[in-house]
Amino acid sequence: MDGSGFRFGCLALIGGLLLTGVAQAQTGRSDDKPKAEAPAPSRWGETRKRALDIGAQPVRDVGVMRREAPAILEQALADPYSLKGLKTCTQLAAEVRRLNEALGADFIVGNEVKESRVGKLAEAGGKTVINSIIPFRGLVREISGAAPAERHLDAALDAGLARRGFLRGVHYKQGCKTKF
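Going by the numbering used here, the first residue of the sequence shown is number 1308, and it counts up by one from there.
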């Protein structure tokens, strides 16, 4: 094995260990301690999703895999303030629910954000190791088209957030009582 292959193997091993640390830190589970109760499925699912997302970053960097914006976010990007086809309270609420599915839950006043410092440190370490696998990463991302694709996805997300806020305002202004 040449020097670069050895370094890649070491980095992959360290990345795997860090990702395992993310999973354990986020779920509070360690294999050498007996667990009193099973972690909540949604919390483990979120940790697993983050770990897989971190591990897949090099594949996205070289343009092999891309995250596509959902159709509703592409529509929002085209015209975030359109009310075409949204005349009734029910239609407005349905559109906000579709946006919620694509964007996740909306901001709730007074909601407390809970996060694990250990988990965030492990996640940052995992990202650092995984992202160091590709030399000249920024240039590779531009050439492969990964950076422009990510900028497009970010713009679609921003447009979706703007559209959801706009539609919630219209819903409120019309005096609608339907739930999102």
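C-beta atoms are modelled at their ideal positions from N, C-alpha and C, and glycine is treated no differently.
Taking 8 Å as the cut-off, the beta carbon of L1384 is found closer than this to the beta carbon of A1462. A residue is called buried when at least 16 other Cβ atoms come within 10 angstroms of its Cβ; L1399 meets this threshold and is buried.
If you draw a 10 Å sphere on the C-beta of R1424, you find fewer than 16 other C-beta atoms in it, and that means exposed. Following the DSSP letters along the chain, one finds D1461 inside the alpha helix (DSSP H) bounded by residues A1453 to K1480. The three-state secondary structure of A1358, taken from DSSP, is helix.
For T1397, the uninterrupted alpha helix (DSSP H) segment begins and ends at C1396 to L1410. G1467 counts as buried, since at least 16 other C-beta atoms from the protein chains shown sit within 10 angstroms of its C-beta.
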